[in-house]
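Protein chains in written order, with the working numbering: chain A, 1 to 309; chain B, 1001 to 1176; chain C, 2001 to 2419.
Here it is as structure tokens:
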């Protein structure tokens, strides 16, 4: 792995490297005006309708060939399970879970379905250094296990703590998360399994632009029944899976501190200086070197002149 | 004498014609079937044997059929358009609420700017969203098997180990 | 080793040139065995109490590492999806990389700034840097779900917009640079001077590459946390300046680590150090201490700027804020004062003490940023004991490799053969 560099090759290399570093940034100027694919699908989840029947969990398990669960899907004692004081979350055996939330002042609990929100500018995608994630034109954020290295940066980056890692496997670990039933349904224009299974039609599937309209209409027609906010409209730069809630979102344990801009915006400052350092540092430090060694060189010169005369 | 017979005949005919539920006439409970077998979605659960006649004693037509029978729903969101709406050609749920909810045909429909009811549920959603709140209120069965037993396919779907009992530790706490 | 050296003729051990006492040349095998017979080598090995501790660590640690590779990461960690990164990265990568900044710092000081008075410790600093980065990669190989795919971001599937992509490429390139820089010592030792001359000819280029690469990846390790703006406590995460904070702290981390290593070598490996090293080490330590003091005051100021920029003053009044101020006081202000005082009054012992505090302070800061103050609004995750032991084991391997090289290569002494 020894790289043999001489000055010329080094300068060439740094030029190429900085060009390569600026290339993705150059592409971003088009990305800055990109408003999303027109037929990008989305799902609106209405928490006032969910009764916690867990049919969606069962449907997902079947559609994605996930392992058999510890308890049957209509066993509701799972709502009392706590891990580190937290309710259930997605893990390597389940892409979606429903949790029960007891709301002060409400005479019945609310239930909330958790799954990948398929962000418009996913943090997992932007943080992945092997390009394992793709936001498809249909709207799904999908994952390519064949290039994943298992670094788990996507898990750090996801503001919703969704990707789960198959820690139990030594030779085939990978990220496990909801893929919007992309391969089996979305590409055929069909709704995901969970949406189709839900008896209460908690989830509405359609083009993201259309379901936003519909969500706004639902709030407008029933102002007393909903908080006037669609969670996911702007959170993390906008997500494909959005939520309506009858009570403030913090009470249903939504993270309301998620920034209303893509996570990538927080990283852009650093990414911008990379080409600057690559191009300025060589000149800067070569200059410093010349300045620092000038005195020595002058003395040497004097010595050699002195020895000649 | 013949003219009186003919007049009488016409009068009776008109009366009878007025009595039958043609277009423009509000329907009532006698126009409905006694029981309806709801089986268009059966897979995880058995078909529902729905007693229509029993429900006519418990609710008005508009509570389930909106304005389609000619009886008006006076909810402010409805009356602003449907105050004088006549009965429709069809009143059956499945004629408006599609079985193929969210399939491509229905999705493209949503982007039609001329449609107001872009929030119309599909058939399965319509049944549950319409029926269950009233069942909860009137203390009628509101859990899954209260209306339809689980099939074997359903038991596989939910990973039920005990194939004889479908409702295990069912804690449906929904109360409205 | 001391006993052997005292008992044998002065020309024999420790090996400082190609020539052995009989007038012939040491061969490679003899050089590796330090010029001792196998029996003597074993004796000195067993006499050293540090080796007993190491044997104990490995007895438990090696099986744990094997378990990790055979049964998966879940068998030695808590397999947390909320805390995907544990000690392997928190200590091994984020902790050891700033401590290994000594390579580019001393390289720059000697070659670019022309400060030849630091030459006696230059090689030690370069070796420290090389081994630190190399073992950061080893820690990565333990932590990655699929370590056999380590090279994927290079040639299989590239994600150039990701910060980790930059880290991967830079660490790989910088490792090459450092191997080249340390190789001159190796070439001297094995007597291949052509190689050494070649390296010398490209030293300026290597050093400048080193500065560029180090600036960016030290900063990039900080920038990694900007992917989780809502997860790291605001006092430890500045969206705009995180990379500068990490880069600046790497400066005093690297310098402190050299001070500490040199102090340990002077105290416990005196037999291996030559007079040039021993006579200059105190002076060099003071010089490095001066650099640390400047870097620490700069770091303190830019940390305060970070707090002001994001208007986080209110957080200082919370429990986490008190923890932050404790870290600032113990890991930044205290060593800064000790360095400044020690340099001013020529107290080398004080400078060394400050360096020790500084090294632990950096590790503490990195553990805070990556694990303790990460998910600060969630439960606190304590690593599995096997994870802790595995981390210690890999560090022990780093230690024995470091010691192995120091015992043999002309790092702490000058080669008396042709140079």
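Even glycine gets a Cβ: it sits at the ideal position worked out from N, Cα and C.
The beta-bridge partner set that DSSP reports for residue 204 of chain A consists of A:44. With contacts defined by Cβ atoms closer than 8 Å, residue 2234 of chain C and residue 2143 of chain C do not form a contacting pair. Across the structure, residue 2340 of chain C and residue 152 of chain A are spaced so that their CA atoms are roughly 41 Å apart.
Classified as exposed, residue 1037 of chain B has fewer than 16 neighbouring CB atoms from the shown chains inside 10 Å of its CB. Between residue 215 of chain A and residue 1110 of chain B the beta-carbon gap is near 12 Å, outside 8 Å, which marks them as no contact. Using a Cβ-Cβ cut-off of 8 Å, residue 100 of chain A does not count as an interface residue toward chain C, since no Cβ of chain C sits closer than that to its own.
Boundaries for residue 2316 of chain C: no beta strand (DSSP E) harbours it, and the DSSP string shows neither H nor E there. Here residue 255 of chain A carries a coil assignment [DSSP, helix/strand/coil]. Taking 8 Å as the upper bound for CB-CB distance, residue 139 of chain A and residue 118 of chain A are in contact here, some 6 Å apart. Shortest Cα-Cα distance from residue 202 of chain A to any of A:221, A:244, A:222 involves A:244. Residues are counted here when their Cβ sits less than 7 Å from a Cβ of chain A; for the region 1107–1138 of chain B these are 1107, 1110, 1111, 1118, 1119, 1121, 1122, 1124, 1125, 1128, 1129, given in chain order.
CA-CA distance, residue 2292 of chain C to residue 2255 of chain C, rounds to 6 Å. In the three-state reduction of the DSSP assignment, residue 2376 of chain C falls in the coil class. Between residue 32 of chain A and chain C, the shortest Cβ-Cβ separation is not below 8 Å. Residue 190 of chain A has its alpha-carbon roughly 12 Å from the corresponding atom of residue 43 of chain A. Between residue 123 of chain A and residue 145 of chain A, the CB-CB gap reaches or exceeds 8 Å. Taking the C-beta atoms as reference points, residue 286 of chain A is found nearer than 8 Å to residue 2208 of chain C. Counting along the chain, residue 1037 of chain B sits inside no alpha helix (DSSP H); it lies in the beta strand (DSSP E) bounded by residues 1035–1038. Exclusion of the five residues before and after residue 2396 of chain C leaves 2054, 2057, 2058, 2061 as the residues of its chain whose Cβ lies within less than 8 Å of its Cβ. Within chain B, the residues 1157, 1158, 1159 have their CB atoms less than 8 Å from the CB of residue 73 of chain A, given in chain order. Bridge pairing for residue 165 of chain A: A:175 [DSSP].
Within the same chain, and ignoring the five residues on either side of residue 1122 of chain B in sequence, the residues whose Cβ sits closer than 8 Å to its Cβ are 1097, 1098, 1099, 1100, 1101, 1102, 1106. A Cβ-Cβ separation of about 18 Å leaves residue 2139 of chain C out of contact with residue 2381 of chain C under the 8 Å criterion. Within chain B, the C-beta atoms nearer than 8 Å to that of residue 195 of chain A come from 1102, in chain order. Under the DSSP assignment, residue 142 of chain A falls in the beta strand (DSSP E) whose first and last residues are 141–143.
Flagged as an interface residue toward chain A: residue 1144 of chain B, by a C-beta distance shorter than 8 Å.
In this structure the region 87–101 of chain A touches the region 55–64 of chain A; the number of beta carbon pairs closer than 8 Å is three or more.
Residue-level contact check: residue 170 of chain A touches chain C, since one or more beta carbons of chain C fall below 8 Å from its beta carbon. Here residue 90 of chain A is buried: its Cβ has 16 or more other Cβ atoms, across all protein chains shown, within 10 Å. For residue 1144 of chain B, the closest of A:169, A:273, A:129, A:198 by C-alpha to C-alpha distance is A:198. Counting C-beta pairs with one atom in each stretch, the region 2149–2167 of chain C and the region 2223–2237 of chain C have three or more that are closer than 8 Å, which means they touch.
Neighbours of residue 2280 of chain C in chain A, taken as residues at a C-beta separation under 7 Å, are lacking, since the least C-beta distance is about 19 Å. No Cβ-Cβ contact shorter than 8 Å links residue 105 of chain A with residue 79 of chain A. Look at residue 148 of chain A: its C-beta is under 8 Å from a C-beta on chain C. Residue C:2128 holds the alpha-carbon nearest to the alpha-carbon of residue 2401 of chain C among C:2086, C:2021, C:2128, C:2323. A Cβ-Cβ distance of about 22 Å is found for the pair residue 2315 of chain C and residue 267 of chain A, leaving them out of contact under the 8 Å criterion.
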